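First comes the structure, then the notes that go with it.
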Amino acid sequence: MRQSRAIDVSTGLFVLLGFAAILFLVTQITNREFSLRSDSYRLVAQYENVGGLKAGAPVSMAGVTIGRVESIGYDMNLFKAIVTLRIDARYDAIPNDSDASIYTAGLLGGQYVGITPGNSEDAYRDGDSVEFVQDAIVLENLISKYLFSQAGKDKATEAPATQE
Amino acid sequence: MIGLLGELTDSLRRFLERLGAMTRFFGQVLWQSPAVLLRFRLVVEQVYNTGALSLVIIMTCGLFVGMVLGLQGHDLLQRFGSEEALGTGAALSLLKELGPVVTALLFAGRAGTALASELGLMRATDQLSAMEVMAVDPMRRVVVPRFLGGVIAMPLLTAIFIAVALFGVQLVGVQFLGVDQGSFWSQMRGAVELADVNEGLIKGVTFGIACSLIAVFEGYNAEPTAEGVGRATTRTVVISAVVTLVLDYILTALML
Amino acid sequence: MNQTPKPAGAAAPSVDADNVAALHGVDFSIDGKVIFRGLDIAIRRGEVTAIMGPSGTGKTTLLRLITGQLRADSGRVLVEGRDVAGLSRRELYAMRRRMGMLFQNGALLTDLDVFENVAFPLREHAQLPERLLRNIVLSKLQAVGLRGAAQLRAQQLSGGMARRVALARAIVMDPQLLLYDEPFAGLDPISMGVVLRLIRSLNDALGISSVVVTHDVREISQIADSSYILSGGQVVASGTPAELREHPSPVVHQFMDGLADGPVSFHYPAPDYPAQLLDRSEGA
Chain A
539 MRQSRAIDVS
549 TGLFVLLGFA
559 AILFLVTQIT
569 NREFSLRSDS
579 YRLVAQYENV
589 GGLKAGAPVS
599 MAGVTIGRVE
609 SIGYDMNLFK
619 AIVTLRIDAR
629 YDAIPNDSDA
639 SIYTAGLLGG
649 QYVGITPGNS
659 EDAYRDGDSV
669 EFVQDAIVLE
679 NLISKYLFSQ
689 AGKDKATEAP
699 ATQE
Chain B
17 MIGLLGELTD
27 SLRRFLERLG
37 AMTRFFGQVL
47 WQSPAVLLRF
57 RLVVEQVYNT
67 GALSLVIIMT
77 CGLFVGMVLG
87 LQGHDLLQRF
97 GSEEALGTGA
107 ALSLLKELGP
117 VVTALLFAGR
127 AGTALASELG
137 LMRATDQLSA
147 MEVMAVDPMR
157 RVVVPRFLGG
167 VIAMPLLTAI
177 FIAVALFGVQ
187 LVGVQFLGVD
197 QGSFWSQMRG
207 AVELADVNEG
217 LIKGVTFGIA
227 CSLIAVFEGY
237 NAEPTAEGVG
247 RATTRTVVIS
257 AVVTLVLDYI
267 LTALML
Chain C
516 MNQTPKPAGA
526 AAPSVDADNV
536 AALHGVDFSI
546 DGKVIFRGLD
556 IAIRRGEVTA
566 IMGPSGTGKT
576 TLLRLITGQL
586 RADSGRVLVE
596 GRDVAGLSRR
606 ELYAMRRRMG
616 MLFQNGALLT
626 DLDVFENVAF
636 PLREHAQLPE
646 RLLRNIVLSK
656 LQAVGLRGAA
666 QLRAQQLSGG
676 MARRVALARA
686 IVMDPQLLLY
696 DEPFAGLDPI
706 SMGVVLRLIR
716 SLNDALGISS
726 VVVTHDVREI
736 SQIADSSYIL
746 SGGQVVASGT
756 PAELREHPSP
766 VVHQFMDGLA
776 DGPVSFHYPA
786 PDYPAQLLDR
796 SEGA
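Protein chains in written order, with this note's numbering: chain A, 539 to 702; chain B, 17 to 272; chain C, 516 to 799.
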């Protein structure tokens, strides 16, 4: 009987250790920032191109995460992407002429929405639309822009020569 | 040529036979499980047998896997100038893949062989037969408790492995190689989701069920000789390893 | 049954009420290999019945048929008058609680000590107060002479002691029928004498019936009331040990006297000896 009590104790310790490990994993290494349900409000923004932005991507101001991208939809009438942002209720004084642009985090990073504050006295309310936006930078457009501007420059330098 | 074909079909038939037998066995085990859980004492003993006794090997291996991961990960990320991502990379790879798979393989090696050889020995020395004659159902008394013990122990062992491994990564990365402690953890927190932890635990439970089932099946059906027990033990490790890796692929594909 | 030895294949004794167990015309095969053909055996109540025969005649299989672990292909296996094949699982388990079996190796549970091994059936089947259980276990150990060994671990026991503990376990539930599978195999003369004495005294003291499967002819003849000799899947002789010693059949004679050659040939079938030698020298 002594032996079985020792077994009980050891097993109990083992199970406790296991649950402690699970608890550690769940709390210490996951992001437990936002339980975005109650204390938050919504903003809507329209984009020509959202690039690689995904639902769940962070929304930040001055580099501080203040919310999440809740959902991304497409409007067939406007031919634009409709992005819903969920902002933590703590940040309720965002000027309503601030812009929401899509940036890329780091070289390999994912995309996120950055809000640059404007000058308005009034703040955004739940359900407001963001007027000023900047689309995601798409690599192909960049390249073609560069190529065409190069071509334009060549033409300009060529023209005087041929005009002779 | 014909001989080879005949051998192949023979092997195939034997494989299918065994697969069918194992499925039926699994059904019987599941059917008896509720009744066995009432005899909690037996299950507790087996959780001790498979789990507590495996702690040392799991924690040791976890530590070293973590430390190697720290070394390799740091070296790799340094080439891209992203050493602070060490925490993220290590946590994700441990949670989703390394943790469950390596724990399952270690479990099969330590606990699986113990279960198989115990049951095989009981088979070989007529203990199972003696129980039948004493009107005690060996499945209920001996087999199912071992299965349940393994199923309970595996996810716990997986979690412990991952936690210890992360400590190992941190030990090498932060203490030895100078990665910033703050960014190590904050980057990790930023990138790891609850879904990733769930993924690891689900895999742990699934591998636990598979490896425990294979071990008790092989042991219970071992040939009642010394060689038979040895063979059963070997088969347990081999089959557990293969099944774990196959299940790993299937689960990963399903969950991604 | 006490007058003339029965020839092979003869009908079993008529009155089944006297028999705690009986086999009537039992056929049994495994993987196509025939073990028994038309086997008739009667185990009489209150007697020690010996089942003897050369190795491999399926004597252990016979015991498994009686416990219901194996099912006969045809014929009837009766225990306490009921056909084993017709029993439900619950009835089968109830029947087994009234039997005890001693396995060749003892078959003790290796992770338990002596006391717990003997207590095992009691703990599984009866909810006894600990004190009562302890007394029962100790009394059974006393009957086999091992009360002082109660704290030893199963692995520490010698062969003879393990078998005695297994015997204590077999009688702990006060069975009606005791089955012994090769109880003398591998024992030294002293242990053998002890086991012999125990089989007989337990049988008489507890008022039970015993079936002893063995090929230790000299030993079992000292205590058996009736015996059967099996060969080739059938009964080739039966009767009291004295009758068997006088039996005319050469098969029985070779077995009872332990002769090296006889109906069971010394030589494994082989080609002609001189011819094989000559072949070798020619090829050299």
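Glycine included, every Cβ here is placed at the ideal spot set by N, Cα and C.
Predicted model only: the values in this text are computed from it and were never measured.
Can you look up residue i in the DSSP assignment and give me helix, strand or coil?
{"i": "C:H768", "result": "helix"}
{"i": "B:F233", "result": "helix"}
{"i": "B:Y265", "result": "helix"}
{"i": "B:T260", "result": "helix"}
{"i": "C:L512", "result": "Beyond the ends of chain C as shown, which are 516 and 799, falls residue 512 of chain C; an answer cannot be given."}
{"i": "B:L272", "result": "coil"}
{"i": "A:V582", "result": "strand"}
{"i": "C:F543", "result": "strand"}
{"i": "A:G605", "result": "strand"}
{"i": "C:R612", "result": "helix"}
{"i": "C:G561", "result": "coil"}
{"i": "A:L591", "result": "coil"}
{"i": "C:A752", "result": "strand"}
{"i": "B:A206", "result": "The residue you asked about is not Ala; residue 206 of chain B is Gly in the sequence shown. Correct three-state label for B:G206: helix."}
{"i": "B:A211", "result": "helix"}
{"i": "A:S687", "result": "helix"}
Tell whether a beta-carbon distance below 8 Å holds between residue i and residue j.
{"i": "C:M614", "j": "C:T582", "result": "yes"}
{"i": "C:P698", "j": "C:I723", "result": "no"}
{"i": "B:T76", "j": "C:A622", "result": "no"}
{"i": "B:L87", "j": "B:L93", "result": "no"}
{"i": "B:L164", "j": "B:Q62", "result": "yes"}
{"i": "A:E608", "j": "A:D673", "result": "no"}
{"i": "C:V751", "j": "C:S764", "result": "yes"}
{"i": "B:T260", "j": "B:V81", "result": "no"}
{"i": "C:D598", "j": "C:R604", "result": "no"}
{"i": "B:S70", "j": "B:V167", "result": "no"}
{"i": "B:V208", "j": "B:L108", "result": "yes"}
{"i": "C:L682", "j": "C:V652", "result": "no"}
Cβ of residue i less than 8 Å from any chain B Cβ?
{"i": "C:Q584", "result": "yes"}
{"i": "C:A622", "result": "yes"}
{"i": "C:M614", "result": "yes"}
{"i": "A:L555", "result": "yes"}
{"i": "A:V597", "result": "no"}
{"i": "C:Y743", "result": "no"}
{"i": "C:Y608", "result": "yes"}
Does residue i come within less than 8 Å of chain C when only Cβ atoms are used?
{"i": "B:E148", "result": "yes"}
{"i": "B:S133", "result": "no"}
{"i": "B:A151", "result": "yes"}
{"i": "B:T141", "result": "yes"}
{"i": "B:S299", "result": "The requested residue 299 of chain B does not occur in the structure, where chain B is confined to residues 17 to 272."}
Comparing the C-beta of residue i with each C-beta of chain A, is any distance below 8 Å?
{"i": "B:A68", "result": "yes"}
{"i": "B:V254", "result": "no"}
{"i": "B:L58", "result": "no"}
{"i": "B:V117", "result": "no"}
Rounded to the nearest angstrom, what separates residue i and residue j at their Cα positions?
{"i": "C:H539", "j": "C:Y743", "result": "14 Å"}
{"i": "B:L24", "j": "B:V188", "result": "50 Å"}
{"i": "A:V564", "j": "B:V84", "result": "23 Å"}
{"i": "B:T252", "j": "B:R139", "result": "16 Å"}
{"i": "B:T66", "j": "B:V60", "result": "10 Å"}
{"i": "B:G235", "j": "C:V732", "result": "37 Å"}
{"i": "A:R543", "j": "A:G550", "result": "10 Å"}
{"i": "C:M676", "j": "C:N620", "result": "11 Å"}
{"i": "A:Y650", "j": "B:G184", "result": "32 Å"}
{"i": "A:E659", "j": "A:V671", "result": "19 Å"}
{"i": "C:Q791", "j": "C:L672", "result": "50 Å"}
{"i": "C:A665", "j": "C:V680", "result": "9 Å"}
Could you check if residue i is buried or exposed, using at least 16 other CB atoms within 10 Å of its CB as the buried criterion?
{"i": "B:I230", "result": "buried"}
{"i": "A:A661", "result": "exposed"}
{"i": "C:P522", "result": "Model confidence at C:P522 stands at a pLDDT of 46, short of 50, so the residue's coordinates are unreliable; what they give is reported in the following sentence. Classification for C:P522: exposed."}
{"i": "C:H782", "result": "exposed"}
{"i": "B:Y64", "result": "buried"}
{"i": "A:K592", "result": "exposed"}
{"i": "C:G568", "result": "buried"}
Taking any Cβ of chain D, which residues in the segment 174–193 of chain B have a Cβ under 9 Å from it, in chain order?
-> You won't find chain D in this structure, because its protein chains are A, B and C.
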